[in-house]
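So the sequence shown is numbered by our numbering: it starts at 333 and just counts up by one. For glycine and all other residues, C-beta sits at the position ideal for the given N, C-alpha and C. These figures come from a predicted structure and were not determined experimentally. Data first, discussion second: the structure below is written as structure tokens.
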Amino acid sequence: MQEKQLPGYLDQTIEALSNEALSNQGILYDDLIPKLIKSLGLENEPQITENHKLYTFLESHPLTITETKVFILAVKGFSNEGIAKHLFVSKNTIKYHLKHIYRKTAIKNRTALIKLGAKLGI
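Below is the structure:
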């Protein structure tokens, strides 16, 4: 009988893949984005899964795996509390990641983030 996987197993797998990609560049970031989208439960949303503008933006802005998840959920309109519940972390953790996202992407605030999401077609 197969043992049940831990809820965080997918995240650990994605993190390992990301680390491998960053360490030896053997995996393209394009291959990681669909896995991230699936881990968020958004794989049936074509505005996310088939969005080449989103992929291009994410490739050109080096966000961590968690920052990428927070970014996608934030541009989809999730509140900090909603993102925190979705990712099983605290609201303060989400605020921390958003600060890093804003710095890395030169976005000033949540309003600009939402506008960017609209520009990306999300």
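Environment of E298 [buried if 16+ CB atoms lie within 10 Å]: The requested residue 298 does not occur in the structure, where the chain is confined to residues 333 to 454.
Whole runs of the alpha helix (DSSP H) within the region 374-418, excluding any shorter than 4 residues: Those alpha helix (DSSP H) runs which fall completely within the region 374-418 and span 4+ residues are 378-381, 384-392, 397-407.
Rounded separation between K440 and L390 - CA only: In the sequence shown, counting from the first residue as 1, residue 440 sits at position 108. In the sequence shown, counting from the first residue as 1, residue 390 sits at position 58. Going from the Cα of K440 to the Cα of L390 covers about 17 Å.
Range covered by the alpha helix (DSSP H) that runs through I446: The residue labelled residue 446 in the question sits at position 114 within the sequence shown. Per DSSP, I446 belongs to the alpha helix (DSSP H) from 442-451.
Rounded Cβ spacing between L395 and I433 (contact assumed at less than 8 Å): Translated into the one-based positions of the sequence shown, residue 395 becomes position 63. Translated into the one-based positions of the sequence shown, residue 433 becomes position 101. In this structure L395 touches I433 by the C-beta definition: roughly 6 Å separates them, less than 8 Å.
Residue from L386, K367, G373 with nearest C-alpha to I454: The residue given as residue 454 occupies position 122 in the sequence shown. Comparing Cα-Cα distances from I454 to each of L386, K367, G373, the minimum goes to L386.
Exposure of A444, with buried meaning 16 or more beta-carbon neighbours within 10 Å: Sequence index remark: in the sequence shown, residue 444 carries index 112 (1-based). Around the CB of A444, fewer than 16 other CB atoms lie within 10 Å, so the residue is classed as exposed.
Whole-angstrom distance between E377 and L360, CA atom to CA atom: The residue you call residue 360 lines up with position 28 of the sequence shown. The residue you call residue 377 lines up with position 45 of the sequence shown. With a pLDDT of 49 at L360, under the threshold of 50, the modelled position of this residue cannot be trusted; read the value that follows with caution. Linking L360 to E377 through their CA atoms gives a straight-line distance of about 22 Å.
Buried/exposed call for N424, threshold 16 Cβ in 10 Å: Reading the sequence shown from its first residue, position 92 is the one you call residue 424. Flag for N424 reads exposed.
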